Structure formats: C-alpha cells, structure tokens
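A short worksheet on the structure shown next.
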Amino acid sequence: MTYTILFSPFAQQQLDKLEKNVQERVLSTLERIRVRPYEFVKKLTGYPYYRLRVGDYRVIYRIEDKKVKIFIIQHRSIVYTNSEKRTKVI
Numbered sequence: 000m001t002y003t004i005l006f007s008p009f010a011q012q013q014l015d016k017l018e019k020n021v022q023e024r025v026l027s028t029l030e031r032i033r034v035r036p037y038e039f040v041k042k043l044t045g046y047p048y049y050r051l052r053v054g055d056y057r058v059i060y061r062i063e064d065k066k067v068k069i070f071i072i073q074h075r076s077i078v079y080t081n082s083e084k085r086t087k088v089i
C-alpha cells in the first residue's frame, strides 16, 4: 500500500529554499516514506506528528487516511525553536 505525500504551503516554501542536492535527498527519503511511513521515524511526544531525520534536516509530518502530510522541513538546529510560529503552521 502506498501513501500520497502532500506538502503544506509552508513546507513547500522550505523545500524550495533548500540547495538542490539537499532537495533531492529529502525527496528520495520521502519516497521511502510513501511505502513505509512508520519506519525510520519517531513520534513526537504529546503530538500526533512524526519526525524524520534527513541528514542535518528534520521533516515533521502527520499520517492520515493513506496520506502523509508534510508540515515542516528545516535544519535540525532550528526546527524546534520558535514554537509559536510552528503552531500556526501546523
């Protein structure tokens, strides 16, 4: 069973800002998630989201009805900071 991958507008902007080689790495990793979305990820404590590490970047997503909704793609040193902004995005 394969899942559909959807990007939030915020996540799409973040992906577009990344360097080309990083974009390709993130997208190839997301192809693996399309087939097995629960493998290689960790659940965020207290939230219905999962985190995936792609090199120095984190992908935050949620799984709903055969869909993987990507919300945040950012460098792992800043992804968990400024939580007020993240709350508006998610």
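The sequence shown begins at 0 in numbering that gives the first Met the number 0 and counts up one residue at a time. Note that the Cβ used here is the ideal one computed from N, Cα and C, for glycine as well. This one's a predicted model, so the numbers in the text were calculated from it and none came from an experiment.
query                                                                                                : result
Range covered by the beta strand (DSSP E) that runs through residue 1                                : No beta strand (DSSP E) contains residue 1, which DSSP labels as neither H nor E.
Contacting residues, own chain, Cβ-Cβ under 6 Å from residue 7 (five flanking each side not counted) : 70
C-beta contact flag for residue 42 and residue 2 at 9 Å                                              : no
The beta strand (DSSP E) enclosing residue 63, as first and last residue numbers                     : 56–63
6 Å Cβ shell around residue 0 - same chain, five flanking residues per side excluded                 : none
Beta-carbon separation (whole angstroms), residue 51 vs residue 32, contact threshold 8 Å            : 7 Å
Inter-residue Cα distance where the pair is residue 26 and residue 67                                : 13 Å
Beta-carbon proximity list for residue 59, same chain, < 6 Å, skipping 5 on both sides               : 48, 50, 70 and 71
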